[in-house]
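Okay, so the sequence shown: first residue is 101 according to the working numbering, each after it adds one.
Ideal Cβ positions, reconstructed from N, Cα and C, are used throughout, including at glycine.
If you're wondering where the values come from, they're calculated on a predicted model, not measured in any experiment.
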Amino acid sequence: MGLFSLTGATGYAQNATNKPLNIIYIMTDDHSYQTISAYGSQCNQTPNIDRIGAEGTIFRNSFVTNSISGPSRAVLLTGKFSHLNGFKTNYDHFDGSQQTFPKLLQQAGYETAVVGKWHLTSDPTGFDYWNILLGQGDYYNPKFNKMGEITKKNGYATNLTTDIALDWIEHRKDKEKPFCLLLHHKAPHRTWMPDTCHLGAYEDQTFALPENFYDDYAGRQAAAEQRMSIDKDMNLIYDLKMADKEGTIKTNNPGLDRAGRNMLNTMNASQRKLWDACYDPIIKDFKEKNLSGKELAEWKFQRYMKDYLACIKSVDENIGRVFAYLEENNMLENTVIVYTSDQGFYMGEHGWFDKRFMYEESFRTPLLIRLPEAMKQFKEVKQLVQNLDFAPTILDLAGVKAPADMQGCSLLPVLEKGKAKDWRTSLYYHFYESKDDHAVKKHYGVRTERYKLIHFYDGIDEWQLFDLKKDPKEMHNLIQDTKYTKVLSSMKKELERLRVNYKDNE
């Protein structure tokens, strides 16, 4: 049989059991593919995330259209680039009246829900149930907005988000309907506060510095002018929790220092006791060492990695909880599971944390999809896919035809065969948010299998060209290299073609 079949009565996609498919879309915030063992991570093990790929498909070349949280979520919902869905930056307001895939699923008879991080300023629409974190959300004892009612919940955000999601599945109104659940975790977003049970989980590990940690940004002005350096911009108190009780640790950013100390006040007494038992000795050791220069930069990198990975540990465990629930309730073989992140993240590459740039580590995002066992599915996909494709794919799984104005493509053909004819050979990207703390310039660009061309603008006019086969770390800007004249001409033509195709006139 093919990948899926349709029933004339409902239009639902079905597997071999002839039941409509349930869909669980799991999205974390800022999860780097470099820290997922299914992607070959040398620093971390993620067995439950890996299981999705092991029993399904792992996408090796999955990318975003705009590497920043809110805009990425708007692209997911609409299947349209930022300039068409109206949410270009985190400072915009999402127009909830516009067409989204959850609304189309509702019309097709699906029950829909979103739980966890939303980050789109307006209230969710198109969902039968929503229970979202306020703003970025706190790691400890966060506030949730449940259909307009705000409550504070005791516990750790990753666990609580999963609790709410599984409770909704268990008690949803009409269990005769198929469902689509968007399960959106806060983790591992800055400021990387691990659960109490994972404090110190990586203290005995030393992580290898990326080979370009000390990048000098030669030939790349836009890269040089950013403010997302682990060495210079990662705050000791806000990011790395060096909030000593004596108050002697200070940085050149008093606002972040205060925010870092205040965020610890979200914990209750028992949580804070466990936290202090872990961090007080680390703070004491840090003060005694009195580090500076490269030693301080590399200490900050190690501290960052340990906290970040401990947050991922909770995510992975909670995906295990989702698997366990589905198995215990005989739902696994009728449920599609998707795992991704709203974008990638830098784990010290180029000396950075954060995202935003079109360089590989933040442009690329993990994507693993598990279909029910009875459905035909290829183990690995190497073709170029984008988060623009998620809405059409989810609609296709539900047997709903994607509207013509959605700009992505359903991934079902590549899921079934590993590659599809007439598939895209290039990707378009556009980042608009230049007025933030990280000073990443506005830019747009095109990526093919081998080459990448980026144009930085707005107070700068810089072109960067990379040969990803010879220079996968993107260290050498080839824009002036005469050996690449034909490549540059071809890439500029392709970039213009994509801008016209996607109706981006900025």
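Considered as a whole, the stretch 577 to 605 harbours 585 to 601 as its complete alpha helix (DSSP H) runs of no fewer than 4 residues, in chain order. Going by C-alpha positions, L568 is about 19 Å away from G451. Take N190, set aside five residues on each side of it, and the residues of its chain with a beta-carbon closer than 7 Å to its own are I168, S169, G170 and E533, in chain order. In this chain, the alpha helix (DSSP H) harbouring K400 covers G393 to E428. Per the Cβ contact rule, the stretch 281 to 290 is in contact with the stretch 127 to 145 (3 or more Cβ pairs under 8 Å). Excluding its 5 nearest sequence neighbours in each direction, E433 has C-beta neighbours in its own chain below 6 Å: P472 and E473, listed in chain order. In the same chain as T146, and ignoring 5 residues on each side of it, the C-beta atoms closer than 6 Å to its own belong to I136, S137 and D416, in chain order. At least 8 Å separates the beta-carbon of I494 from that of Y229. Three or more Cβ pairs closer than 8 Å define a contact, and the stretch 550 to 566 meets that threshold against the stretch 315 to 324.
With contacts defined as CB atoms closer than 8 Å, I264 and N241 fail to qualify as a contacting pair. Annotation for C280: I123, L205, Y210 and T212 place their beta carbon closer than 6 Å to its own, counting only its chain and skipping 5 residues before and after. Per DSSP, the beta bridge partners of E480 are I158. Cβ neighbours of T351 within its own chain (closer than 8 Å, five residues either side excluded): N335, L336, I337 and D357. The residue among K341, T548, Y133 and V215 with its C-alpha nearest the C-alpha of T465 is Y133. Secondary structure of G170 (DSSP, three-state): helix. For V514, the enclosing alpha helix (DSSP H) starts and ends at L512 to K517.
Residue ranges of uninterrupted alpha helix (DSSP H) with 4 or more members, entirely inside the stretch 170 to 239 and ordered along the chain, are 182 to 185 and 201 to 207.
Here Y139 is buried, its C-beta having at least 16 other C-beta atoms within 10 Å. The three-state secondary structure of R327, taken from DSSP, is coil.
If one requires a minimum length of 4 residues, the alpha helix (DSSP H) runs lying completely within the stretch 434 to 492 are 460 to 463, in chain order. Distance between R403 and L497, taken at the CA atoms: about 42 Å.
Taken atom to atom, the span from the alpha-carbon of M431 to that of L309 is near 43 Å. CA-CA distance, D295 to F478, rounds to 36 Å.
Nearest Cα to L409 within the set T200, T548 and E303: E303.
Linking R361 to Y446 through their CA atoms gives a straight-line distance of about 25 Å.
When Cβ pairs closer than 8 Å are counted between the two stretches, the stretch 181 to 196 is seen not to touch the stretch 247 to 259, the count staying below three.
Under the three-state reduction of DSSP output, S132 falls in the coil class, being neither helix nor strand.
Going by beta carbons, T548 and T585 fall outside the 8 Å limit.
Under the three-state reduction of DSSP, P381 is assigned to helix.
If you draw a straight line from the Cα of T221 to the Cα of M293, it comes to about 24 Å. Secondary structure note for T165: it is in no alpha helix (DSSP H), with a DSSP letter that is neither H nor E. In the assembly as shown, S462 is a buried residue. Its beta-carbon has 16 or more other beta-carbons within 10 Å. Under the three-state reduction of DSSP output, M363 falls in the helix class. Counting along the chain, W268 sits inside the alpha helix (DSSP H) bounded by residues A257 to H271. Assignment of beta-bridge partners to K252 by DSSP yields K243. At a Cβ-Cβ threshold of 8 Å, F159 and V481 count as neighbours.
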